[in-house]
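Have a look at the structure below, then the notes.
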Amino acid sequence: MDIKRVVLAGFVSLFLMAGPVQAGDETHNSGDSLVLDMKDAVKMGLDRSHRVQAHDYGIKRSESEVKSVRGQFFPQLSAGAGYTYLDSLSARGPTDQDYLDQQQYQWNLRAVQTVFAGMTILSSYQQAQIEKEISELEKENTERELIREIQHHFLELLKAREDRRALDSSVERLEVGLEASESFYERQLVPYVDVLQAGVELEEARQDLSQAKNEEQIQKTQLNALLGFGYDYLIGYEGDLEEIPLDIFFETREVIDIAMEQRTDLMFIRKNMAVTEQERRIARGQKMPRVNLEFVYTDRKRDYDEPQQTMEGPMDRDQRNRHWTAGASIEWEFFSGGQQYYQHEAMGYEIRRLVQTLKETESSIVTEVRTAQMRLDEARDRLVSTRKALNAAQENYDMQEHRYKQRVGTITDLLTAQEHLTEAETRNNQALMDFQQALSELYFAIGERNYGLD
C-alpha cells in the first residue's frame, strides 16, 4: 500500500469516527421576544405595517370627501348683519342737514336650495363614492403585495438558514481534515503542500459561512422591517422547507377565471373608468340650466338723531322693517369657449384609453398566471426527481461506507459518493425553495390570500 492510500485511509477514518455533524442552531432561541411562523408573520405584518396604516387614513379621507359632496344636496344657510352711521356734512334745498343724521341696523337669514344642476351634484356624489372604493382597492393591493414580500423574505430566510447549517458542517469537516493533514505531516507521511491546501479550503469555507450568516441576518432585518419592528428586535422565525405539501394542483382555466374576478388591478381600472364616466356626465351637466330656490328674512332699523318738526310738533321718524322674500332663479350658460364640450370629449377619449389598458392588463395577468403555474409544475416535477436522486445518493453512500469498512471498496469511491450526496441535498433544497416561491407567486397572480402557503 503506498503512502497516498495510507493518508487517505487515515483521513476517512478520522471523518468516520467524528460521526455525522449535527446542526447546533435552532430556528429560534430562548432570548427571542417573539416566535413566528410564516402565517403569523404575515398576519402581524398586515396589522403593523406603516404602508397599510397609511392607506387606512386615505380611506378615512375619502369617506370625509363623500360626506362633503353629499352636503350639496342640502340647502345652504347663511346669515348677515350690518351697521351704517350717516352724518350729514352740508345740505341745500328744502332740507335740514340735521334731519339726515341717522344710524342703520340690519340683519338677515338666507336659505338657497339647488333644485336642478344638470345632475352634476348626483354625479359628483357618485364619483366620490367610487373614489372611496378605489382607496379601498389600493389598500387591498398593498396588503397583497406585502403578503408576497413577507413570504418571499421568509423563504429566503429559511434557505439562508439551511445554507448556513450546511456550511457549518462543512467547516467542521474541513477542520477535522486539517488536523489530520497536520498529524500526517508531522509523521512525514504527506508533504507540507497538503497542509497548505487543507488550510486554504478551510478558510474559503469560513468565508462562505460568513456570507451565509450575513445573508441570514439581512433576511431577518428585512422581515423585521416589514413587520414594523426595529432591526435589533429579537424575533424567532420558525419553519421548514419540507413543510409544504406537493399535492397542490390548479386547473389553468379555473385559476385564470379566479384571477379575472379577484385581481385588484383589474378592479382598479374598472373603477377608474366609472370615475371618468362620472366626470363626463358632470361636463355634460354643466351645459344644462341651474335652478335655485331662495328664501330671505330681513330685519332693518333706522334710528334718526333728530325728530321731524311738523305743525303739530316733533314727530319720531325712526323706522323698523321686518320682511321676507321667496323666489326662484335660473341660470343658463350658453357659451364658455367650448370648455364643457372639450372636457366631455376628453373624458370620452380617456374611457377608450382605459378600455385598451384593461385589455392589456387582462392579457398580462393571463401570462403571469400561466407562467407561475408552469414554474410551479416544473418545480414539483423536479422535486420528484431530486428526492429520488437524494434517496439513491444516500443509499449509495451507505453502501460505499459499508464496502470501505469491509475493505472491499476504495476511498475514492467513498469520497465520490459523499460528494454526490451533498450535491443531491443541495439540488433538493433548491427545488423545495423554487416550488414554494412559485406557489407564492401563483397565489398573488390569481389575487388570493394564503398566509401560510398551505
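If you count by mature numbering (1 follows the signal peptide of the UniProt record, and there is no 0), then the sequence shown holds residues -23 to -1, 1 to 431, one letter each, in order. Ideal Cβ positions, reconstructed from N, Cα and C, are used throughout, including at glycine.
Problem set entry | residue 492 - DSSP class collapsed to helix/strand/coil | The requested residue 492 does not occur in the structure, where the chain is confined to residues -23 to 431.
Problem set entry | Option nearest Q83 by Cα separation, candidates D17, V273, V252 and A408 | Taking the first residue of the sequence shown as 1, we reach residue 83 at position 106. When only C-alpha atoms are compared, the closest one is V273.
Problem set entry | Residue interval of the beta strand (DSSP E) (run including S55) | Walking along the sequence shown from the start, residue 55 turns up at place 78. Note, S55: beta strand (DSSP E), Q53 to L63.
Problem set entry | Helix, strand or coil at G304 [DSSP, three-state] | Here residue 304 refers to the residue found at position 327 when the sequence shown is read from its first residue. Strand, per DSSP.
Exercise. To the nearest whole angstrom, what separates the beta carbons of T97 and Q263, a pair I think is in contact under 8 Å?
Worked result: Along the sequence shown, one-based indexing puts residue 97 at 120. Along the sequence shown, one-based indexing puts residue 263 at 286. Between Q263 and T97 the Cβ distance is about 6 Å, and since that is below 8 Å, they are a contact.
Exercise. To the nearest whole angstrom, what separates the beta carbons of Y102 and V29, a pair I think is in contact under 8 Å?
Worked result: Residue numbering aside, residue 102 sits at position 125 when the sequence shown is read from its first letter. Residue numbering aside, residue 29 sits at position 52 when the sequence shown is read from its first letter. So it is not a contact: roughly 28 Å between Cβ atoms.
For this session: Please go through the same chain and pick out, in chain order, the residues whose beta-carbon is closer than 8 Å to the beta-carbon of H129, but skip the five residues on each side of it.
Result: Here residue 129 refers to the residue found at position 152 when the sequence shown is read from its first residue. Q414 and S417, listed in sequence order.
Exercise. Does DSSP classify R426 as helix, strand or coil?
Worked result: Here residue 426 is taken as the residue at index 449 of the sequence shown, counted from 1. In the structure shown, R426 sits in coil (DSSP, three-state: anything other than H, G, I, E or B).
Exercise. What is the rounded straight-line gap between the Cα of E113 and the Cα of S362?
Worked result: Working through the sequence shown from its first residue, we reach residue 113 at position 136. Working through the sequence shown from its first residue, we reach residue 362 at position 385. About 45 Å.
Exercise. Going by Cα to Cα distance, which pick from D276, G315, K190 and S26 is closest to A143?
Worked result: Sequence index remark: in the sequence shown, residue 143 carries index 166 (1-based). Nearest of D276, G315, K190 and S26 to A143, Cα basis: K190.
Problem set entry | Beta-carbon contacts of I107 that lie in its chain and below 6 Å, excluding the five residues immediately before and after | For the purposes of this step, residue 107 is taken as the residue at position 130 of the sequence shown. Within the same chain, I107 has close Cβ partners K248, A251 and V252.
Exercise. According to the Cβ coordinates, are A422 and A366 closer than 9 Å?
Worked result: The residue given as residue 422 occupies position 445 in the sequence shown. The residue given as residue 366 occupies position 389 in the sequence shown. Cβ distance not < 9 Å, so A422 and A366 don't count as in contact.
Exercise. With a CB to CB cut of under 6 Å and the five nearest residues on each side skipped, what residues in its chain are close to R404?
Worked result: Locating residue 404 in the sequence shown gives position 427, counting from the first residue. Excluding sequence neighbours, R404 sits near T363.
For this session: Give the DSSP-derived three-state secondary structure of Y318 in the structure shown.
Result: Along the sequence shown, read from residue 1 onward, the residue named residue 318 stands at position 341. Helix at Y318.
Problem set entry | Between the CA atoms of E192 and T198 - distance to the nearest angstrom | Looking up residue 198 in the sequence shown gives position 221. Looking up residue 192 in the sequence shown gives position 215. About 10 Å.
Problem set entry | Element boundaries [beta strand (DSSP E), containing V170] | Here residue 170 is taken as the residue at index 193 of the sequence shown, counted from 1. Element bounds for V170: not the beta strand (DSSP E) but the alpha helix (DSSP H), Y169 to L203.
For this session: Return the residue from the list Y169, F206, R297 and L166 that minimises the CA-CA distance to S26.
Result: Start at 1 with the first residue of the sequence shown, and residue 26 comes out as number 49. The shortest Cα separation from S26 among Y169, F206, R297 and L166 belongs to F206.
Exercise. Nearest to Q255 by CA position, among Q90, S100, K16 and A18, is which residue?
Worked result: Counted from its first residue, the sequence shown places residue 255 at position 278. Checking every option, the nearest Cα to that of Q255 belongs to S100.
Problem set entry | Own chain partners of I(-21) with C-beta closer than 7 Å, once the 5 adjacent residues on each side are dropped | By one-based count along the sequence shown, residue -21 stands at place 3. Reliability fails at I(-21), whose pLDDT of 42 lies under 50, so the model's placement of it is uncertain and the value that follows must be treated cautiously. Answer for I(-21): L166, listed in chain order.
Exercise. Can you tell me where the alpha helix (DSSP H) with Y34 in it begins and where it stops?
Worked result: For the purposes of this step, residue 34 is taken as residue 57 along the sequence shown, with counting starting at 1. Counting along the chain, the alpha helix (DSSP H) containing Y34 begins and ends at H27 to R47.
For this session: Scan the region 71 to 121 and note each continuous alpha helix (DSSP H) run of 4 residues or more that stays entirely inside, going in chain order.
Result: 74 to 77
Problem set entry | Simplified DSSP state of F131, which is helix, strand or coil | On the sequence shown, residue 131 is found 154 positions in, with the first residue counted as 1. F131: helix per DSSP, three-state reduction.
For this session: Quick one: grab the DSSP three-state call for R279.
Result: Locating residue 279 in the sequence shown gives position 302, counting from the first residue. Three-state DSSP puts R279 in a strand.
Exercise. Near Y169, what residues of its chain come up, given a Cβ to Cβ distance below 7 Å and the 5 sequence neighbours on each side ignored?
Worked result: Translated into the one-based positions of the sequence shown, residue 169 becomes position 192. Cβ within range, chain order: Y162.
Exercise. If you draw a straight line from the alpha carbon of G314 to that of Q320, how long is it in whole angstroms?
Worked result: Position 337 of the sequence shown, counting from 1, holds the residue named residue 314. Position 343 of the sequence shown, counting from 1, holds the residue named residue 320. If you take the alpha carbons of G314 and Q320, they lie about 11 Å apart.
Exercise. Closest by CA to Y428, which one among L211, Q383, Q316 and K20?
Worked result: As a working note, residue 428 is residue 451 in the sequence shown. Comparing Cα positions, the closest option is K20.
Problem set entry | Distance between A88 and P52 (C-alpha atoms, nearest Å) | Within the sequence shown, residue 52 is the residue found at index 75, counting from 1. Within the sequence shown, residue 88 is the residue found at index 111, counting from 1. For P52 and A88, the distance between alpha carbons rounds to 6 Å.
Exercise. Given a threshold of 16 other Cβ atoms within 10 Å of its Cβ, counted over all protein chains shown, does Y374 qualify as buried or as exposed?
Worked result: By 1-based counting over the sequence shown, the position of residue 374 is 397. Buried: at least 16 other Cβ atoms inside 10 Å.
Problem set entry | Beta bridge counterpart(s) of Q255 as assigned by DSSP | Residue 255 sits at position 278 when you count from the first residue of the sequence shown. None; Q255 has no bridge partner.
For this session: Spatial neighbours of Q(-2) within its chain, please: CB distance less than 6 Å, with the 5 preceding and 5 following residues excluded, ordered by chain position.
Result: Looking up residue -2 in the sequence shown gives position 22. Residue confidence for Q(-2) is low, a pLDDT of 40 falling below 50, so the modelled location carries little weight; the figure read from the coordinates is stated next. Excluding residues within five positions, none has a Cβ falling inside 6 Å.
For this session: Say whether the region 135 to 142 touches the region 210 to 224, bearing in mind that this needs 3 or more beta-carbon pairs closer than 8 Å, one atom from each stretch.
Result: yes
Exercise. How far does the alpha helix (DSSP H) with Y232 in it reach, from first residue to last?
Worked result: One-based indexing of the sequence shown puts residue 232 at position 255. Here residue 232 turns out to be Val, not Tyr, going by the sequence shown. Per DSSP, V232 belongs to the alpha helix (DSSP H) from T229 to Q239.
For this session: Assuming I221 contacts F412 (C-beta within less than 8 Å), just tell me the rounded distance between them.
Result: Along the sequence shown, read from residue 1 onward, the residue named residue 221 stands at position 244. Along the sequence shown, read from residue 1 onward, the residue named residue 412 stands at position 435. The pair is a contact, with the Cβ atoms about 7 Å apart (cut-off 8 Å).
Problem set entry | Separation of R261 from T119, as counted between CA atoms | As a position in the sequence shown, residue 119 is number 142, starting the count at 1. As a position in the sequence shown, residue 261 is number 284, starting the count at 1. If you take the alpha carbons of T119 and R261, they lie about 35 Å apart.
For this session: Check F311 in the structure and name its three-state DSSP category.
Result: Position 334 of the sequence shown, counting from 1, holds the residue named residue 311. Note: F311 maps to coil in three-state DSSP.
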